[in-house]
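Worksheet for the structure shown next.
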Amino acid sequence: MIEMMNMSKEMIGAGILIDICGVVKPGEKVVIATDQEKVDIANIIAKACIIRHIEPIILNMIPRKSHGEEPPIPYTAALEKADVVFAATSFSLFHTNARIEACKKGARWVNLPGYSRKMLCEGGLFVDFQKQREKAEKIGKILSSTSFVKIETDKGTDIQFSIAEREATVESGISDKPGMVNSPPDIEVCIAPIEGTAEGKIVIDGSIILPGLGPLNEDVILHVSKGFVTRIEGSREAMLFKEALEQAQEKEVFNVGEFGIGLNPKCRICGSMLEDEGVYGTIHFGIGDNHTMGGSIESSMHTDVVIKNPTITLDNKVIMNSGGYVND
Numbered sequence: 009m010i011e012m013m014n015m016s017k018e019m020i021g022a023g024i025l026i027d028i029c030g031v032v033k034p035g036e037k038v039v040i041a042t043d044q045e046k047v048d049i050a051n052i053i054a055k056a057c058i059i060r061h062i063e064p065i066i067l068n069m070i071p072r073k074s075h076g077e078e079p080p081i082p083y084t085a086a087l088e089k090a091d092v093v094f095a096a097t098s099f100s101l102f103h104t105n106a107r108i109e110a111c112k113k114g115a116r117w118v119n120l121p122g123y124s125r126k127m128l129c130e131g132g133l134f135v136d137f138q139k140q141r142e143k144a145e146k147i148g149k150i151l152s153s154t155s156f157v158k159i160e161t162d163k164g165t166d167i168q169f170s171i172a173e174r175e176a177t178v179e180s181g182i183s184d185k186p187g188m189v190n191s192p193p194d195i196e197v198c199i200a201p202i203e204g205t206a207e208g209k210i211v212i213d214g215s216i217i218l219p220g221l222g223p224l225n226e227d228v229i230l231h232v233s234k235g236f237v238t239r240i241e242g243s244r245e246a247m248l249f250k251e252a253l254e255q256a257q258e259k260e261v262f263n264v265g266e267f268g269i270g271l272n273p274k275c276r277i278c279g280s281m282l283e284d285e286g287v288y289g290t291i292h293f294g295i296g297d298n299h300t301m302g303g304s305i306e307s308s309m310h311t312d313v314v315i316k317n318p319t320i321t322l323d324n325k326v327i328m329n330s331g332g333y334v335n336d
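Quick note on numbering: this note's numbering labels position 84 of the sequence shown as 92, and the sequence is numbered without any gaps.
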């Protein structure tokens with residue numbers, strides 16, 4: 009009985025992805041991109057599609073080793089023929105050329121890396137996406153007209169950087185126009201800092217979204233100079249993060265490539281990238297690649313780190329104070 013109830017909840021969650029997040033219409037070509045570790049999620053989405061008289065195609069591959077690693081060429085070719093892509097993979101395809109090319113050709117992309125069956129049943133997926141979209145679009149306009157950002161926290165984060173003439177990306181969770189990409193339940197506004205401008209210190213007290221890490225037991229401190237992480241301080245989790253970046257053997261993985269603001273009040277920090285990034289009242293930095301979001305740095309990795317209760321100052325105006333939006 010419990011298993012049947014869970015399956016019913018999973019189908020409701022899958023229905024939200026199809027109807028609200030992907031806005032799939034009859035007759036559209038739907039591709040579900042997955043890998044061997046996430047086939048269960050792909051099958052649930054496929055079943056929900058079939059109930060709606062939508063015939064999906066499932067693509068399977070060997071799991072990638074990290075976020076942003078390209079899928080095989082035949083896999084990529086199929087993505088480019090889709091009207092809607094549900095990417096239920098172990099690692100995110102967001103920062104891949106495969107995703108970029110599919111979106112250029114008009115695909116609406118619903119990015120679902122690291123999804124669990126629990127995420128289909130509860131949490132951020134059950135938010136009012138349209139309501140939060142309006143807030144995200146408002147903040148996106150503010151960020152796009154901002155030149156200078158300063159972030160501070162009581163834990164010791166104190167970092168500043170330029171975003172002058174950069175365009176913010178609004179990720180509302182809803183992909184309803186050709187070429188749009190969203191990662192529900194994550195609702196966020198993000199932007200690529202101007203390369204070389206980030207200076208200061210980031211104290212990570214939320215999560216580091218990498219295998220073996222996730223929600224942190226102890227703070228991890230990043231020292232930043234001229235746009236790059238130059239030193240990582242902390243205990244075991246800090247060393248694991250440092251080792252993961254160093255194994256890539258490229259300077260670019262240390263680039264402070266993204267600044268994002270979480271906007272989903274139903275998300276909680278739990279170790280899932282899409283839940284953690286979207287938590288209302290948090291920010292995150294993407295360390296590594298940013299060429300797919302308006303930056304110029306290409307890297308084999310893009311790792312998000314989440315910071316709780318920040319104070320955000322945009323061009324000397326405070327828009328968030330210790331995790332609470334001013335005039336919210």
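Glycine included, every Cβ here is placed at the ideal spot set by N, Cα and C.
Test item: CB-CB of residue i and residue j under 9 Å
i       : j       : result
Gly-270 : Gly-289 : yes
Thr-300 : Arg-107 : yes
Gly-242 : Val-228 : yes
Ala-96  : Thr-177 : no
Ser-155 : Ala-144 : no
Lys-33  : Ala-90  : no
DSSP-derived helix/strand/coil call for residue i
i       : result
Gly-268 : strand
Lys-17  : helix
Leu-120 : coil
Val-261 : helix
Ile-277 : coil
C-alpha gap between residue i and residue j, whole angstroms
i       : j       : result
Lys-126 : Glu-18  : 8 Å
Ile-81  : Arg-116 : 20 Å
Ser-307 : Gly-265 : 10 Å
Asn-335 : Pro-79  : 44 Å
Asn-51  : Phe-267 : 34 Å
Ile-320 : Ile-240 : 23 Å
Glu-142 : Asp-213 : 28 Å
Gly-23  : Gly-131 : 15 Å
Gly-279 : Asp-297 : 21 Å
Val-118 : Gly-181 : 8 Å
Ser-98  : Met-281 : 11 Å
Asp-136 : Glu-283 : 15 Å
Met-69  : Asp-162 : 44 Å
Ile-58  : Gln-44  : 21 Å
The beta strand (DSSP E) enclosing residue i, as first and last residue numbers
i       : result
Ser-233 : 228-233
Ala-41  : 38-42
Thr-290 : 290-296
Phe-236 : 236-241
Leu-67  : 64-67
Residue range of the unbroken alpha helix (DSSP H) whose run includes residue i
i       : result
Val-47  : 47-59
Met-247 : 244-254
(request) Identify every run of the beta strand (DSSP E) within the region 154-214, keeping only runs that are complete inside it and at least 3 residues long; order them along the chain. (result) 156-160, 166-170, 177-179, 196-199 and 207-212
(message) As an exercise, report each continuous beta strand (DSSP E) stretch of at least 3 residues that is fully enclosed by the region 305-330, in chain order.
(response) If we require 3 residues or more, the beta strand (DSSP E) runs fully inside the region 305-330 come out as 310-316, 319-322 and 325-329.
(message) Going residue by residue through the region 83-137, where are the continuous beta strand (DSSP E) segments of at least 3 residues, counting only ones entirely within it?
(response) 92-96 and 116-119
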